[in-house]
Amino acid sequence: MWKSFFTVLLVVVTGVVSAQQFKAGITAGVSATQISGDQLSGFNKAGIVAGGFVSTTLSPKFDMAMSILYFQKGSKKNSDPEKEDYVYYRLRLNYFEIPLLLQWKYNNKLIFEAGPSAGVLLSSEEEDEYGVLPSRRPFEDMEIAAHLGMNVSIVKQLSFTARMSNSILAVRKHVSGEDYRFNKGQYSSCLLFALQYKFSGKSASAE
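What follows is the structure, given as structure tokens:
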């Protein structure tokens with residue numbers, strides 16, 4: 003599966019680089035994330051998303067875009083002493099992520115996008131009200147996720163992106179080690195809100 007994904011990624015990247023024209027820019031925003039299977043609920047873990055992107059036109063209605071992002075994910079539960087709830091939990095997952103998105107240009111202002119991503123886990127840390135937790139079960143080194151979102155133009159070079167994503171494969175097996183048919187462990191769900199700035203000037207031409 004990994005070989006197939008990266009083969010497709012290499013083909014698309016080669017196509018972007020060899021295209022007659024392509025556009026590049028930067029992305030900066032925030033994420034709200036949760037981990038299913040940790041018995042907590044809600045997108046309570048905030049994080050930072052930052053990186054760059056490059057895109058090329060496939061047809062008058064479709065573009066292909068690839069990003070390279072630093073993406074903070076995880077899960078969080080705050081304690082609430084007033085309700086005698088002293089349980090605190092925070093999971094930090096830092097990824098280097100490469101989304102590959104097909105973009106459909108609905109009109110000059112609105113773009114819908116969807117596609118997969120591959121993420122490499124840079125670091126992970128769990129802590130509760132007593133401090134950092136020893137690793138109960140390691141997280142997977144790589145994450146494959148599916149993305150669905152939209153991009154709204156603000157001005158000529160600046161746009162706003164809202165996107166949701168969910169890991170396709172479990173980012174960590176259940177602590178018990180058991181599998182439940184399609185539930186193979188813990189899965190990461192993310193909401194992304196970001197600004198994208200395209201560099202000014204004419205589209206760059208590959209040499």
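Numbering (the working numbering), first residue to last: 3 to 209. A virtual CB, placed ideally from N, CA and C, is assigned to each residue, including glycine. Note that the structure is a prediction, hence the values are computed from the model and not measured.
Which listed residue (the options) has its alpha carbon closest to that of residue i
{"i": "Leu-93", "options": "Leu-171, Tyr-199, Met-152, Ser-137", "result": "Ser-137"}
{"i": "Ser-125", "options": "Lys-186, Glu-115, Met-144, Gly-133", "result": "Met-144"}
{"i": "Ile-37", "options": "Phe-45, Gly-31, Leu-60", "result": "Phe-45"}
{"i": "Ala-148", "options": "Asn-80, Gly-133, Asn-168", "result": "Asn-168"}
{"i": "Arg-174", "options": "Phe-162, Glu-142, Ala-196, Met-68", "result": "Glu-142"}
{"i": "Thr-59", "options": "Gln-105, Leu-95, Glu-86", "result": "Gln-105"}
{"i": "Asn-2", "options": "Ser-191, Val-154, Tyr-97", "result": "This structure leaves residue 2 out entirely; the chain is present only between 3 and 209."}
{"i": "Phe-189", "options": "Tyr-91, Ser-77, Arg-165, Lys-200", "result": "Strictly speaking, residue 189 in this sequence is Tyr, with Phe absent from that position. Considering only alpha carbons, the answer is Ser-77."}
{"i": "Pro-140", "options": "Tyr-88, Glu-128, Gly-133, Leu-194", "result": "Glu-128"}
{"i": "Phe-73", "options": "Tyr-132, Ser-119, Lys-186", "result": "Ser-119"}
{"i": "Phe-55", "options": "Pro-62, Pro-83, Asp-130, Met-68", "result": "Met-68"}
{"i": "Leu-215", "options": "Lys-47, Ala-30, Asn-96, Val-32", "result": "Since the first and last residues shown for the chain are 3 and 209, residue 215 lies out of range."}
Residues bridged to residue i [DSSP beta-bridge criterion]
{"i": "Tyr-97", "result": "Phe-73, Leu-123"}
{"i": "Gly-53", "result": "Thr-29, Leu-71"}
{"i": "Gly-133", "result": "Asp-130"}
{"i": "Asn-168", "result": "Ala-148, Ser-191"}
{"i": "Gln-105", "result": "Asp-65, Glu-115"}
Residue span of the beta strand (DSSP E) that contains residue i, given as start and end
{"i": "Lys-25", "result": "25-38"}
{"i": "Ser-61", "result": "First-last for Ser-61: undefined, no H or E at that position."}
{"i": "Ala-196", "result": "189-200"}
{"i": "Arg-174", "result": "Where Arg-174 is concerned, there is no enclosing beta strand (DSSP E), given that its DSSP letter is neither H nor E."}
{"i": "Val-154", "result": "144-155"}
Where residue i falls: helix, strand or coil (DSSP)
{"i": "Glu-84", "result": "helix"}
{"i": "Arg-139", "result": "coil"}
{"i": "Gly-44", "result": "coil"}
{"i": "Tyr-1", "result": "Because the chain in this structure spans residues 3 to 209, residue 1 falls outside the shown range and cannot be described."}
{"i": "Lys-78", "result": "strand"}
Classification of residue i by the beta-carbon crowding that lies within 10 angstroms, buried from 16 upward
{"i": "Leu-171", "result": "exposed"}
{"i": "Asp-65", "result": "buried"}
{"i": "Lys-111", "result": "exposed"}
{"i": "Gln-198", "result": "buried"}
{"i": "Leu-160", "result": "exposed"}
{"i": "Phe-24", "result": "buried"}
{"i": "Ile-50", "result": "exposed"}
{"i": "Phe-201", "result": "exposed"}
{"i": "Tyr-91", "result": "buried"}
{"i": "Ala-26", "result": "exposed"}
7 Å Cβ cutoff, residue i in contact with chain D
{"i": "Gly-44", "result": "Among the chains of the structure shown, chain D does not appear; only one protein chain is present."}
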